[in-house]
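**Q** Chains as they are written, first to last, in this note's numbering: chain A, 1 to 197; chain B, 1001 to 1456.
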């Protein structure tokens, strides 16, 4: 049975077929959810919610061949909603990736910059964070992203530029902080961004 | 930091690039088992949010032999040592461990050596079909089988099957198949283990013999085997309950319980004289004296008027006491209706203003109306209501009635963030005299009132 036939059977209410069809896309989903969320628990939660919505809505999908696009649109929606919820719940949590920080010397600068980037991306508004994720982490083209977000190409381009601009500003601000800490001495390079308890 | 702008841009792009490299490294450690669990969890969540749709679909296809699946969705249960030991002792059974460990009725039956070995194989043109064994009682039959052949693996298309009684008659039951474990690499061709799960319809006896045909490589392979009724003849407990409870002022009677090794069935009936409609129980479960819970994943019918629910079986645990519990009851007023104007696109009257006409779309086959049920709290959101009677009618202002074209049952869409459920109904294209009135069968509403009915 082909992808489309699975999807067709799924639309007609065949649960087994739906699971089979999901099986074909699950790795791609996980990659997107994880790239956006940057942790396993949130990524899995987003996928669970996505499957739930797919299960309920599947019969409204008119074209079996659009299953992948349709499901990724739902996933993206779920991811972006989660972000908003989390933001409300814990607005100031910046970084907690302790295991990544045990590097020293010049590597630490790269690691720090990278960590910093991960943190800054996380703090972006959901739509900016999503375009950055899809463009730079998942290597999608602007038209692809526009289609998934159901926005004109121009809008996506604007979001991307604004996101990069915000990241640049945040980067320079964060670097100053980092250097301030280093100036204070004591292993600063190794633990630049641990949240204070 | 007053670096030139493009340097900064480059720097952030290279930071993003580094970030991506790390990300790819992290993605290599994808937790496949957890991912599969999340997918199954999502399906279960979806089922809970749309119980109503699901039930409708079963009841429509019940006697034709519904192809649906619940066993996979019951989540992961740890393999007990006893279970593992029995599985090891019976050759050919190890392939089924992953499949049935989600179903506590089956695990417990296998631990108690309730399995009937069959071990019949047929082979044709390089394809082999084997029935290793069965589990059978008065209500449920589980057939463990294996398919092998060129290009057969877990990615192979859903295999067509046909199930007949020994005399060649239809098996009146809900039949489920395709319980593939999905957390392993797929080889090019490998034996595929699966089971058919046959839930006999109410009051239909278990056949004496079964003819099971499977389509492999374009040809039908058939195995006929007997079901040894001796094995379960005495293993059935019929309990007349006839216990009527009052919930939210409504009378509901738990009628009978049937306890067999593979299933517990309990039937319910709502009193036709009730002044509200009972829609469903909230969190229905069986609990024994040790606090063990037996959940329910399937059922035939509708609480109002008649419902049979299937529970995981407590048979081999031999509990001294068994109690049916629920947190409350979904119910709604009788004789509700909604009146809308599909020209002006307005909702004229609706019960407590929760239900609104949102949009219409003309298609080749009719007019698709979208209604939203809004402002639902978490409990209200758990149920997909049968708003309008399936294949029912509505009327326009002149009193003329028209059919609702919902050939596929209630279609609903759930939205977590907006606390609403959207419903889609198709009506014919016609020259209506506005407004239009639709009678409502089920509507959001519930009482939280702990229900407890001693079964034994």
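Even glycine gets a Cβ: it sits at the ideal position worked out from N, Cα and C.
Every value quoted in this text rests on a predicted model; they were computed, and no experiment measured them.
Express the C-alpha separation of residue 163 of chain A and residue 46 of chain A in angstroms, rounding to a whole number.
**A** Numbered from its first residue, the first chain carries residue 46 of chain A at position 46. Numbered from its first residue, the first chain carries residue 163 of chain A at position 163. Approximately 23 Å between the Cα atoms of the pair.
**Q** Looking at the structure shown, is residue 1166 of chain B part of a helix, part of a strand, or coil, going by DSSP?
**A** If you number the second chain from 1, residue 1166 of chain B lands on position 166. Reduced to three states, the DSSP call for residue 1166 of chain B is coil.
**Q** Starting from residue 1106 of chain B, follow the alpha helix (DSSP H) in both directions and report where the run begins and ends.
**A** Sequence index remark: in the second chain, residue 1106 of chain B carries index 106 (1-based). Taken as a continuous stretch (DSSP letters only), the alpha helix (DSSP H) holding residue 1106 of chain B covers 1104 to 1111.
**Q** Looking only at its chain, what residues have a beta carbon closer than 7 Å to the beta carbon of residue 1343 of chain B, apart from the 5 residues adjacent to it on each side?
**A** Sequence index remark: in the second chain, residue 1343 of chain B carries index 343 (1-based). So the qualifying residues of the chain are 1434.
**Q** Between the alpha carbons of residue 1368 of chain B and residue 1362 of chain B, how many angstroms are there, rounded?
**A** Position 368 of the second chain, counted from the start, is the residue given in the question as residue 1368 of chain B. Position 362 of the second chain, counted from the start, is the residue given in the question as residue 1362 of chain B. Roughly 6 Å separates the two Cα atoms.
**Q** For residue 1204 of chain B, count the other beta carbons within 10 Å of its own beta carbon; 16 or more makes it buried, fewer makes it exposed. Which is it?
**A** Along the second chain, read from residue 1 onward, the residue named residue 1204 of chain B stands at position 204. When all chains shown are included, residue 1204 of chain B counts as exposed.
**Q** Could you pull out every residue in the same chain whose Cβ sits closer than 6 Å to the Cβ of residue 1396 of chain B, ignoring the five residues on either side in sequence?
**A** Stepping through the second chain from its first residue, residue 1396 of chain B is reached at position 396. Correct list, in chain order: 1432, 1433, 1436.
**Q** If you check the beta carbons only, do residue 1304 of chain B and residue 1326 of chain B fall under 7 Å apart?
**A** Locating residue 1304 of chain B in the second chain gives position 304, where the first residue counts as 1. Locating residue 1326 of chain B in the second chain gives position 326, where the first residue counts as 1. Taking 7 Å as the Cβ cut-off, residue 1304 of chain B and residue 1326 of chain B do not qualify as a contacting pair.
**Q** For chain A, check one thing: does any of its Cβ atoms lie closer than 7 Å to the Cβ of residue 1107 of chain B?
**A** Here residue 1107 of chain B corresponds to residue number 107 of the second chain, with the count starting at 1. So, not an interface residue.
**Q** Could you give the distance in angstroms between the alpha-carbon of residue 1143 of chain B and the alpha-carbon of residue 1134 of chain B?
**A** Locating residue 1143 of chain B in the second chain gives position 143, where the first residue counts as 1. Locating residue 1134 of chain B in the second chain gives position 134, where the first residue counts as 1. Residue 1143 of chain B and residue 1134 of chain B: Cα-Cα distance of roughly 5 Å.
**Q** For residue 1096 of chain B, which of helix, strand or coil comes out of DSSP?
**A** Position 96 of the second chain holds residue 1096 of chain B. Helix.
**Q** So who's on the other strand from residue 1403 of chain B, going by DSSP bridges?
**A** Mapped onto the second chain, residue 1403 of chain B falls at position 403. Residue 1403 of chain B is bridged to B/1393.
**Q** Within the continuous beta strand (DSSP E) that includes residue 1147 of chain B, where are the two ends?
**A** Locating residue 1147 of chain B in the second chain gives position 147, counting from the first residue. Its beta strand (DSSP E) spans residues 1140 to 1148.
**Q** Just checking: is the beta-carbon of residue 52 of chain A within a distance shorter than 7 Å of some beta-carbon in chain B?
**A** Here residue 52 of chain A refers to the residue found at position 52 of the first chain. Chain B, which has a Cβ nearer than 7 Å to the Cβ of residue 52 of chain A, makes this yes.
**Q** For residue 1153 of chain B, which of B/1451, B/1194, B/1320, B/1044 has the nearest alpha-carbon?
**A** Numbered from its first residue, the second chain carries residue 1153 of chain B at position 153. That would be B/1194, whose Cα lies nearest to the Cα of residue 1153 of chain B.
**Q** Counting Cβ pairs closer than 8 Å, one from the region 122 to 135 of chain A and one from the region 151 to 159 of chain A, do we hit at least three?
**A** The answer is yes - the region 151 to 159 of chain A touches the region 122 to 135 of chain A, with three or more Cβ pairs under 8 Å.
**Q** Assuming residue 1042 of chain B and residue 55 of chain A make a contact with CB atoms under 8 Å, what is their CB distance in whole Å?
**A** As a first step, residue 1042 of chain B is located in the second chain; it is residue number 42 there, counting from the start. As a first step, residue 55 of chain A is located in the first chain; it is residue number 55 there, counting from the start. So it is a contact: roughly 7 Å between Cβ atoms.
**Q** Reducing DSSP to helix, strand and coil, say where residue 1000 of chain B ends up.
**A** Residue 1000 of chain B is absent from the structure shown; chain B starts at 1001 and stops at 1456.
**Q** Could you tell me the boundaries of the beta strand (DSSP E) in which residue 3 of chain A lies?
**A** Here residue 3 of chain A refers to the residue found at position 3 when the first chain is read from its first residue. Segment 3 to 11 is the alpha helix (DSSP H) holding residue 3 of chain A; no beta strand (DSSP E) there.
**Q** Out of A/21, A/10, A/17, A/19, state which residue places its alpha-carbon closest to the alpha-carbon of residue 58 of chain A.
**A** As a first step, residue 58 of chain A must be located in the first chain, where it is residue number 58. The shortest Cα separation from residue 58 of chain A among A/21, A/10, A/17, A/19 belongs to A/10.
**Q** Relative to the C-alpha of residue 1124 of chain B, which residue among B/1016, B/1223, B/1424, B/1237 is closest?
**A** Within the second chain, numbered from 1, the residue matching residue 1124 of chain B stands at position 124. Comparing Cα positions, the closest option is B/1223.
**Q** Using C-beta distances below 7 Å, list every residue in its chain close to residue 1331 of chain B, excluding the 5 sequence neighbours before and after it, in chain order.
**A** Counting from one through the second chain, the residue named residue 1331 of chain B turns up at place 331. The residues are 1248, 1250, 1276, 1277, 1278, 1279, 1445, 1446, 1447.
**Q** Check the C-beta distance from residue 1329 of chain B over to residue 1309 of chain B and give it rounded, since I have them as a contact under 8 Å.
**A** Counted from its first residue, the second chain places residue 1329 of chain B at position 329. Counted from its first residue, the second chain places residue 1309 of chain B at position 309. Not quite, the Cβ-Cβ distance comes to about 14 Å (not below 8 Å), so this is no contact.
**Q** With DSSP as the reference, label residue 43 of chain A as helix, strand or coil.
**A** If you number the first chain from 1, residue 43 of chain A lands on position 43. Reduced to three states, the DSSP call for residue 43 of chain A is helix.
**Q** Cutting at 6 Å between CB atoms, please list the residues of its own chain near residue 1236 of chain B, excluding the five before and the five after it.
**A** Locating residue 1236 of chain B in the second chain gives position 236, where the first residue counts as 1. For residue 1236 of chain B, where only same-chain residues beyond five positions count, the Cβ hits under 6 Å are 1138, 1260.
**Q** In the region 1221 to 1255 of chain B, which residues sit with their C-beta less than 8 Å from some C-beta in chain A, listed in chain order?
**A** Taking 8 Å as the Cβ-Cβ cut-off against chain A, none of the residues of the region 1221 to 1255 of chain B qualify.
**Q** May I ask you to report which of helix, strand or coil DSSP gives residue 130 of chain A?
**A** To locate residue 130 of chain A, count along the first chain from 1; it is residue 130. Residue state, collapsed to three classes: helix.
**Q** If we ignore side chains and look at the alpha-carbon of each, how far apart do residue 1424 of chain B and residue 1354 of chain B end up?
**A** Looking up residue 1424 of chain B in the second chain gives position 424. Looking up residue 1354 of chain B in the second chain gives position 354. Answer to the nearest angstrom: the Cα atoms are 16 Å apart.
**Q** Tell whether a beta-carbon distance below 7 Å holds between residue 17 of chain A and residue 6 of chain A.
**A** For the purposes of this step, residue 17 of chain A is taken as residue 17 along the first chain, with counting starting at 1. For the purposes of this step, residue 6 of chain A is taken as residue 6 along the first chain, with counting starting at 1. In contact: residue 17 of chain A and residue 6 of chain A (Cβ atoms closer than 7 Å).
**Q** Looking at the unbroken alpha helix (DSSP H) that takes in residue 34 of chain A, where does it start and where does it end?
**A** Against the first chain, residue 34 of chain A aligns to sequence position 34. Per DSSP, residue 34 of chain A belongs to the alpha helix (DSSP H) from 15 to 37.
**Q** In the DSSP assignment, what are the bridge partners of residue 1240 of chain B?
**A** Translated into the one-based positions of the second chain, residue 1240 of chain B becomes position 240. DSSP lists B/1256 as partners of residue 1240 of chain B.
**Q** Going along the region 63 to 78 of chain A in order, which residues come within less than 7 Å of chain B, judged by CB to CB distance?
**A** If the cut-off is 7 Å between Cβ atoms, the region 63 to 78 of chain A has nothing near chain B.
**Q** Can you tell which of B/1127, B/1162, B/1197, B/1252 has its C-alpha closest to the C-alpha of residue 1190 of chain B?
**A** Position 190 of the second chain, counted from the first residue, corresponds to residue 1190 of chain B. Checked all of B/1127, B/1162, B/1197, B/1252; the closest Cα to residue 1190 of chain B is B/1127.
**Q** Let me make sure I understand the geometry here. Which of B/1390, B/1163, B/1214, B/1016 has the alpha-carbon closest to that of residue 1200 of chain B?
**A** To locate residue 1200 of chain B, count along the second chain from 1; it is residue 200. Closest option to residue 1200 of chain B, Cα to Cα, is B/1163.
**Q** Which same chain residues, not among the five before or five after residue 1014 of chain B, have their C-beta less than 6 Å away from its C-beta?
**A** Working through the second chain from its first residue, we reach residue 1014 of chain B at position 14. There are no such residues.
**Q** So, using beta-carbon positions, are residue 1269 of chain B and residue 1253 of chain B closer together than 7 Å?
**A** The residue you call residue 1269 of chain B lines up with position 269 of the second chain. The residue you call residue 1253 of chain B lines up with position 253 of the second chain. Contact: yes.
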